[in-house]
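One structure is given below, encoded as structure tokens.
Protein chains: 2
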Amino acid sequence: MTISGNLLIGGKETRGSNGEFFGIEAATGQPLPGSFGGATKADVEAATTLAWEAFDIYRETSLEDRAAFLEAIATEIDAIGDDLIVRAMAESGLPRGRLEGERGRTMGQLRLFAKEVREGKFQELRFDPADPNRKPAPKPDLRLRHIAVGPVAVFGASNFPLAFSVAGGDTASALAAGCPVVVKAHSAHPGTSELVGRAVQKAVEKSGLPAGTFAMLFDTGIEAGQALVADPRIRAVGFTGSRRGGTALMKIASERKQPIPVYAEMSSINPVILFPDALKNRAEQIATGFVSSLSLGAGQFCTNPGLIIAVGSDGLDAFIDKARQLLPETPAQTMLTGAIAKAYREGVARLEQHPEVRLVAHGRKGGDFEGAASLFETDAASFIAHHELQDEVFGAAGLVVRCRDAQELEEVLGNLEGQLTVALHVDEADLAEASCLRSKLEMLAGRLLINGFGTGVEVSPAMVHGGPYPATSDGRTTSVGTLAIYRFLRPVSYQDFPASMLPHSLR
Amino acid sequence: MTISGNLLIGGKETRGSNGEFFGIEAATGQPLPGSFGGATKADVEAATTLAWEAFDIYRETSLEDRAAFLEAIATEIDAIGDDLIVRAMAESGLPRGRLEGERGRTMGQLRLFAKEVREGKFQELRFDPADPNRKPAPKPDLRLRHIAVGPVAVFGASNFPLAFSVAGGDTASALAAGCPVVVKAHSAHPGTSELVGRAVQKAVEKSGLPAGTFAMLFDTGIEAGQALVADPRIRAVGFTGSRRGGTALMKIASERKQPIPVYAEMSSINPVILFPDALKNRAEQIATGFVSSLSLGAGQFCTNPGLIIAVGSDGLDAFIDKARQLLPETPAQTMLTGAIAKAYREGVARLEQHPEVRLVAHGRKGGDFEGAASLFETDAASFIAHHELQDEVFGAAGLVVRCRDAQELEEVLGNLEGQLTVALHVDEADLAEASCLRSKLEMLAGRLLINGFGTGVEVSPAMVHGGPYPATSDGRTTSVGTLAIYRFLRPVSYQDFPASMLPHSLR
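Chains as they are written, first to last, in UniProt numbering: chain A, 1 to 507; chain B, 1 to 507.
Printed below as a string of structure tokens:
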């Protein structure tokens, strides 16, 4: 399949004239076929202007039409066939099985939101009937619905080239809410983005929707993305990436004449708390699960378990011993980009050289584009004293924090920043102690797990992939699961409207 | 009833040592009995520390206990008796009838939220059952509830000394959500605040809740309020007041180490659009309603109709003529404070001196502490060219914008900032034209009204008292009505929890 490297604006393909870049093969660092043109400010404005024009029509599409459109996107993505997987494998270095699963998840998300749209509950309709006889004043007729906030800027994520990029969770939930979407494609997988972008464009056309309903831009640097967030026609932002990137967008959004919400999913080290009895009874089993979760996808998950917290015990020693035994057998894996691999090596080196940190073990050493899992250990006092030990090292790096007792473990928890997930490994005899922590942990993270790891993120109604700052910019929401649609809605109340003027849903 | 002027912290009364100030009789500018001590930084910290300590217990109170507590507050406010009305009349200059109504509304809000708490729907419980046989991976058990965000800072509003102050809508909705509240009392009605604050304190004690569940601070300037918003234990802010005050709090909140949401209801001029047939058929009747709404409560409502937009016609002339006839008969009214009366006079003078603005009529002239209604007129082109004509003049000042035609009227709408309300006056023949505007108006305001004025704000499930920035800091919410509770909640997901560790509501 030909890669044109074009921007997708207004149902057309346009060559971006703001610089040129290439898709890079993750495993080799070599350029892949096709060159991509970066968007100029004029391209950004063209996309947002069309999105704004499309907004009034798109947001008032019937629930059935909108649901069918989401399903049409899934169908078009499916129709790309294996070319999509092949290109995504080359650009991301992720294996076929993972990408096929991710494609399934991407289509599944779109279909789940289609179902959500059809059900229509997200509109949260409310009716307060009039009471003309009420004293001292008659009661008016009030009706409420939630409407789409406006065009949404979505930033593709490097670590989910399909499920959290061009037609990923942010795009699906924004489109479901009735918001046109302008995607800033991630430069780590531009060819994958183009293929998916064209699929969305086709679905827009086949569904007879305004061409401005969807656009996709490339950016050789950060200017186009920044211009997008600053654009007055953009009314919300979805982002998954680094804390530096997310906070930069938050700042731009808050300094606009009309500030807008930024839903940035930024960084998390996803603490795993090992309780005494669980360690006593099945330290090795937990270690096996941990090493597997730590190294999954080269550790490039937002929910990667980067922190193990436990009170020192024979069980903890056994856990560490098992991890020390397993890690050297764990193969290195190609990372998403050369820059990510380099940053990972630097992060691991910082931990290695940290005076208060001891190495447990490294995984099997890999090449320049690969990341090997690494596990370190420190004590609670050092962890508390050195805030930098909380910095996410994106990749398969883990740190065990050994506590003197349960009280020190609580102190460690009290020093943690906001997280996406906290996992607890407990056996029957640990339940009472673990229960006492629940309240503290609820304030720390958006999702709490028992006897598991956070790396599997269900796309379902009860999922929260979110959490207090700095895990995300806005802990009141989730970016995965059906609740994500609420990020892009606002309530409007209609008072004493004649039926003919009311939106259909409120008549 | 004695006014102590004390801060209310931890179930006790404490004299604030950071300066002294007095309640001022609005009608005379003279000090009232009782002197008030401002909170020091230590007082702020004492209040927030206790609030944080109370949080874990308070947020896990049973729905019944929490509802009963809200009702107990209403009962204690009722028990203050007429002393509350007398003091509020003196401090605010508002008439007895209005304040008795406002007291009823305050108690009604508390009881409405009690009902909302009992029903429990605000927790938005979600259940995704496990499926151990799912391929390729078993599906975990996921359950979701919404929990309280943490202690909330509430800033009392000058214009609602009861319904949007110490135990007003923000406090009621935050307490309903499970958040302890620290109130920064408005210095325009400190005695009223103290009486209500003590009532809340009594309800806390009688309900057996932690003393930190509620605190009330006085501030001689802005330092205590600023320290409150910057305090790491405060997790959300409710504010009703000026745009300057609201945006200052937004800035502090966004620059915290952990940014927090600020729900600031700031300024709105609440456009009223008069359609041709309505003007043709009943210009005088609409003018009568308008002058009454404009001058209600000396115009000191967030939803005061400050802007009339219409296409020039005989009907519009008749409307203006009727207003010109009615206004001089409209008595001046005591304003909330001398500073507000002065700012109002200055705002009116700016309009009078504006080269593009013509006076329609003034209301009956009043004294230094009173505000007289004033109506002005300009043309659409001037209104568009002079952005300052959109600045809210807090009080009973109105501006008629005369448009050449429907297209120019749309241009005026396109130039407006976010609003709380937009009202449309229409007759049967106007409906088609008005319907075409609905979509634009939905993007402009949180509440749209037909043939009414926004000054009556129902406290009900379908009310939105909110709107796009700068009407509020966050257009995704409302500060009035039951939907307000959602401002203070965030979702948490529980994965594979044993029943004994789950919150009761999710078992």
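Ideal Cβ positions, reconstructed from N, Cα and C, are used throughout, including at glycine.
- The Cβ neighbour count for E408/B, taken over all protein chains shown within 10 Å, is at least 16; the residue is labelled buried.
- Residues of the segment 282–294 of chain B with a C-beta less than 9 Å from any C-beta of chain A: none at all.
- CA-to-CA, the gap between Y469/A and L70/B works out to about 30 Å.
- At the C-beta level, I3/B and G34/B come within 7 Å of one another.
- Residue pairing from DSSP places V400/A in a beta bridge opposite I308/A, E377/A.
- The three-state secondary structure of D141/B, taken from DSSP, is coil.
- G289/B has no beta-bridge partner at all, per DSSP.
- 7 Å or more divides the Cβ of R145/B from the Cβ of L175/B.
- The segment 123–139 of chain A and the segment 102–112 of chain A do not touch, with fewer than 3 CB-CB distances between them shorter than 8 Å.
- By the C-beta criterion, the segment 273–281 of chain B is judged to be in contact with the segment 418–437 of chain B, since at least 3 inter-stretch pairs fall below 8 Å.
- Contact between A471/B and S267/B holds, since their C-beta atoms are separated by about 7 Å, short of 8 Å.
- Nearest C-alpha to H465/B among V196/B, G481/B, A153/B, L336/B: G481/B.
- Using a CB distance cut-off of 7 Å, I309/B does not count as an interface residue toward chain A.
- The contact set of V464/B on chain A, defined by CB atoms closer than 7 Å, consists of L144, P491, V492, S493 in chain order.
- Following the DSSP letters along the chain, one finds Q390/A in no beta strand (DSSP E), marked with neither H nor E.
- Fewer than three pairs of CB atoms, one per stretch, sit closer than 8 Å, so the segment 475–491 of chain A makes no contact with the segment 5–15 of chain B.
- Proximity of D231/B to chain A, defined by a Cβ-Cβ separation below 7 Å, is not satisfied.
- Residues of chain B with a Cβ closer than 8 Å to the Cβ of E442/A are, in chain order, I147, V492.
- As for any beta strand (DSSP E) of minimum length 3 sitting wholly inside the segment 251–288 of chain B, the runs are 262–265, 271–274, ordered along the chain.
- Scanning G398/A, E411/A, A406/A, F369/A for the CA closest to the CA of A385/A turns up E411/A.
- Restricting attention to K115/A, E53/A, L441/A, G19/A, the CA atom closest to the CA of Q419/A is found in L441/A.
- Note: Y494/A is bridge-paired with R143/A, L448/B in the DSSP secondary-structure output.
- M335/B is the residue among L359/B, M335/B, E265/B, F376/B whose C-alpha sits nearest the C-alpha of D368/B.
- Residue range 96–119 is occupied by the alpha helix (DSSP H) that includes M107/B.
- D379/A counts as buried, since no fewer than 16 other beta carbons sit within 10 angstroms of its beta carbon.
- Each residue's CA atom was taken as its position, placing G363/B and L327/B some 5 Å apart.
- For Q333/B, the secondary structure class from DSSP, reduced to helix, strand or coil, is strand.
- Proximity to T106/B across G169/B, A68/B, T240/B, G212/B peaks at G169/B, based on C-alpha coordinates.
- At a cut-off of 7 Å between beta carbons, D56/A contacts chain B.
- The distance from the Cβ of F218/A to that of G338/A is about 19 Å, inconsistent with a contact at the 8 Å cut-off.
- Residue burial annotation: Q285/B is exposed, with fewer than 16 other C-beta atoms found within 10 angstroms of its C-beta.
- Partner residues in the beta bridge of T240/A, as assigned by DSSP, are E265/A.
- Spatial neighbours of F55/A in its own chain (CB-CB distance under 7 Å, excluding positions within 5 residues in sequence) are listed in chain order as G150, P151, P180.
- P232/A is the residue among G241/A, P232/A, G452/A, H354/A whose C-alpha sits nearest the C-alpha of P259/A.
- Taking the beta carbon of Y263/A as reference, no residue of chain B falls within 7 Å; the closest one sits roughly 11 Å away.
- By the Cβ rule, the segment 305–318 of chain B counts as touching the segment 390–410 of chain B, because three or more pairs are nearer than 8 Å.
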